[in-house]
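Student:
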Amino acid sequence: MHEEIEEMEEPRELNKFAEVNELEKVNDDGGIEPAATPPWQDKILDNCLSWLEDLQEEPVLAETEEQPDLYSFYEELCVLRNEFRKNSRRSHETFLQFGEHLGDFKGVMTSLAQRLDNLTKEQENTEFIARQGILLQIVEIHERMRRFDEKLKEMNAPPPRGHLAARPGLWERMLGRGKVSPRDKGKWKDHKKQIGQVNQADRQEKQDMWGHDAASCSHSVMDGFFLAMSHFDEFLAGEGVRCTPTTGAPFDPAVMIAVGVVATDTCPPHTVVEEISGGYLYGDHVLKLAKVTISKQKEP
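Count along the sequence shown starting at 1, add 83, and that's the number in this note's numbering.
1. What does a CB cutoff of less than 7 Å around Ile359 pick up in its chain, not counting 5 residues either side in sequence?
2. Taking the straight line between their C-alpha atoms, what separation do you get for Leu202 and Glu183?
3. For Thr347 and Val356, which I take to be in contact (beta-carbon distance under 8 Å), what is that distance rounded to the nearest angstrom?
4. Starting from Cys350, follow its DSSP beta bridges and name the residues at the other end.
5. Shortest alpha-carbon distance to Pro351 belongs to which of Gly366, Tyr365 and Lys379?
6. Would you list the residues sitting across from Met34 in a DSSP beta bridge?
7. Thinking Thr327 and Val338 are a contact (beta carbons under 8 Å), I'd like their distance in whole angstroms, please.
8. Starting from Glu205, follow the alpha helix (DSSP H) in both directions and report where the run begins and ends.
9. Please state if the CB of Met305 and the CB of Leu235 are separated by a distance shorter than 7 Å.
10. Look at Glu26 and Gly361 and say whether their C-beta atoms are less than 7 Å apart.
11. Going by beta-carbon coordinates alone, are Asp334 and His353 separated by less than 7 Å?
12. Considering just the uninterrupted stretch of the beta strand (DSSP E) at Glu358, what are its terminal residues?
13. First and last residue of the alpha helix (DSSP H) that includes Asp137?
14. Tell me whether Lys126 is buried or exposed, calling it buried when 16 or more other Cβ atoms sit within 10 Å of its Cβ.
15. When you compare only the Cα positions, how much space is there between Ser155 and Leu163?
16. Whole angstroms are fine: how far does the CA of Leu372 sit from the CA of Glu322?
17. Can you find a CB in chain C that lies within less than 7 Å of the CB of His175?
18. Roughly how many angstroms separate the alpha carbons of Phe167 and Glu158, rounded to a whole number?
19. Which term fits Thr329, buried or exposed, when burial requires 16 or more other beta carbons within 10 angstroms of its beta carbon?
20. With 16 as the cutoff for other CB atoms within 10 Å, does Val191 come out buried or exposed?
21. Quick one: residues in its chain with C-beta nearer than 8 Å to the C-beta of Phe211, no 5 flanking neighbours on either side, listed in chain order?
22. When the Cα atoms are used, what is the spatial distance from Glu136 to Asn130?
23. Taking Asn208 as the reference, give the member of Glu233, Gly186 and Leu370 with the closest Cα.
24. Return the bridge partner residues of Lys379 from the DSSP annotation.
25. To the nearest angstrom, how far is the alpha carbon of Asn165 from that of Ser171?
26. Tell me the rounded alpha-carbon separation between Leu153 and Glu176.
27. So, at 7 Å on beta carbons, what are the nonlocal neighbours of Met228 in its own chain, with the 5 sequence-adjacent residues on each side left out?
28. Determine the closest residue to Met238 out of Cys161, Leu132, Gly307 and His302, with distance taken between C-alpha atoms.
29. List the DSSP bridge partners of Asp304.
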């Protein structure tokens, strides 16, 4: 069995020699000659040989007089460190100078802002002084109209007819009745005689007519006055003039004058309990001081 295996392996060895013989040839001396190469390989080989022949010798680098060593490297590091320190010092000085200049610039800006505020205040003061005279006259008129408005509101309902005939007052003065001048005393006496000659029915009819006319006239006058007062308030508000709050507010000597003191426990001391004359402000300026009555602590 072993002999059969060896016989089967012999053809394989022969095949190997056959493959070698295809690439190589044995010369007469028993040596092996290489097989012929393809033409393209020969061409590449010729080009490489010609390039090697034409290649010049590699230039030799000139050697330095002193070969670099660790000590010279350390020296260069020291020089670099010194330069870095100098640059850092210069940068620090530059930043210090910049900070100083920035502080000077901030001071200049602060001074300019203060100057601008002063100019604005001077302009406001100049405008206030220029308009103070006319505004004072306007607020005086407004104060009188406001007082008259308060009286009209108190007397919104007309008094009784008998009271109107017996006691001449505001309504009779508005209608042209009541007291007459000495010059018209004769006319008034004649008028009284004429009234006395009229019977009771005619007198009652005339009184009814006069009462109706008085009521109608008073309502018309009040409506017109209230309308004019509202326009006056709008005008003052548009000009920047406002009334000083007084009643119920703490006493402020900057905008008020105390003309009376009332001892009471209903409100804290130094509180305005009554306004005698109104005050007016124009922006932050005082046009007219308010006259008020203030409270004080009531003694036990």
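For every residue, glycine included, the Cβ atom is placed at its ideal position computed from N, Cα and C.
Note that the structure is predicted; figures quoted are calculated from it, not measured.
Tutor: According to the data block:
1. For the purposes of this step, residue 359 is taken as residue 276 along the sequence shown, with counting starting at 1. Result list for Ile359: Val342, Lys374, Val375 and Thr376, in chain order.
2. As a first step, residue 202 is located in the sequence shown; it is residue number 119 there, counting from the start. As a first step, residue 183 is located in the sequence shown; it is residue number 100 there, counting from the start. Distance between the alpha carbons of Leu202 and Glu183: 29 Å.
3. Walking along the sequence shown from the start, residue 347 turns up at place 264. Walking along the sequence shown from the start, residue 356 turns up at place 273. Taking 8 Å as the upper bound for CB-CB distance, Thr347 and Val356 are in contact here, some 7 Å apart.
4. For the purposes of this step, residue 350 is identified with residue 267 of the sequence shown, where counting begins at 1. When DSSP reads this structure, Cys350 sits in no beta bridge, so it has no partner.
5. Here residue 351 is taken as the residue at index 268 of the sequence shown, counted from 1. When Gly366, Tyr365 and Lys379 are compared, the shortest CA-CA separation from Pro351 is found for Lys379.
6. Since the first and last residues shown for the chain are 84 and 383, residue 34 lies out of range.
7. Stepping through the sequence shown from its first residue, residue 327 is reached at position 244. Stepping through the sequence shown from its first residue, residue 338 is reached at position 255. Indeed, because the Cβ distance is near 5 Å, the residues count as touching under 8 Å.
8. For the purposes of this step, residue 205 is identified with residue 122 of the sequence shown, where counting begins at 1. That run of the alpha helix (DSSP H) goes Leu153 to Glu237.
9. Position 152 of the sequence shown, counted from the start, is the residue given in the question as residue 235. Position 222 of the sequence shown, counted from the start, is the residue given in the question as residue 305. At a Cβ-Cβ threshold of 7 Å, Leu235 and Met305 count as neighbours.
10. The displayed coordinates of the chain run from 84 to 383. Any statement about residue 26 would go beyond what the structure contains.
11. For the purposes of this step, residue 334 is identified with residue 251 of the sequence shown, where counting begins at 1. For the purposes of this step, residue 353 is identified with residue 270 of the sequence shown, where counting begins at 1. Here residue 334 is Phe; the residue named in the question, Asp, does not match the sequence. Closer than 7 Å, so yes.
12. For the purposes of this step, residue 358 is taken as the residue at position 275 of the sequence shown. Run containing Glu358: Val355 to Ser360, per the beta strand (DSSP E) assignment.
13. If you number the sequence shown from 1, residue 137 lands on position 54. For Asp137, the uninterrupted alpha helix (DSSP H) run begins and ends at Pro122 to Asp137, by DSSP.
14. Residue mapping note: residue 126 aligns to position 43 of the sequence shown, counting from 1. With a threshold of 16 other beta carbon atoms within 10 Å, Lys126 falls short and is exposed.
15. Taking the sequence shown and counting its residues from 1, one reaches residue 155 at position 72. Taking the sequence shown and counting its residues from 1, one reaches residue 163 at position 80. For Ser155 and Leu163, the gap between their C-alpha atoms comes out near 12 Å.
16. In the sequence shown, residue 322 corresponds to position 239, counting from 1. In the sequence shown, residue 372 corresponds to position 289, counting from 1. Linking Glu322 to Leu372 through their CA atoms gives a straight-line distance of about 18 Å.
17. Chain labels in this structure do not include chain C; a single protein chain is all it has.
18. In the sequence shown, residue 167 corresponds to position 84, counting from 1. In the sequence shown, residue 158 corresponds to position 75, counting from 1. In a straight line, the C-alpha of Phe167 is about 14 Å away from that of Glu158.
19. In the sequence shown, counting from the first residue as 1, residue 329 sits at position 246. By the 10 Å Cβ count, Thr329 comes out buried.
20. In the sequence shown, the residue the question calls residue 191 occupies position 108. So Val191 counts as exposed.
21. Translated into the one-based positions of the sequence shown, residue 211 becomes position 128. Same-chain partners within the cutoff: Tyr365, Gly366 and His368.
22. Locating residue 136 in the sequence shown gives position 53, counting from the first residue. Locating residue 130 in the sequence shown gives position 47, counting from the first residue. Each residue's Cα considered, the two are about 10 Å apart.
23. The residue you call residue 208 lines up with position 125 of the sequence shown. That would be Leu370, whose Cα lies nearest to the Cα of Asn208.
24. In the sequence shown, residue 379 corresponds to position 296, counting from 1. Per the DSSP secondary-structure output, Lys379 pairs in a beta bridge with Ala346.
25. As a first step, residue 165 must be located in the sequence shown, where it is residue number 82. As a first step, residue 171 must be located in the sequence shown, where it is residue number 88. Taking the straight line from one Cα to the other gives about 10 Å.
26. For this step, residue 153 is matched to residue 70 along the sequence shown. For this step, residue 176 is matched to residue 93 along the sequence shown. Leu153 and Glu176 have their C-alpha atoms some 35 Å from each other.
27. Stepping through the sequence shown from its first residue, residue 228 is reached at position 145. Counting only Cβ-Cβ distances below 7 Å, and skipping sequence neighbours, we find Met312 and Phe315.
28. In the sequence shown, residue 238 corresponds to position 155, counting from 1. It is His302.
29. Taking the sequence shown and counting its residues from 1, the one referred to as residue 304 is at position 221. According to the sequence provided, residue 304 is Val. The question's Asp does not apply to it. Note: Val304 sits in no beta bridge, so no partner.
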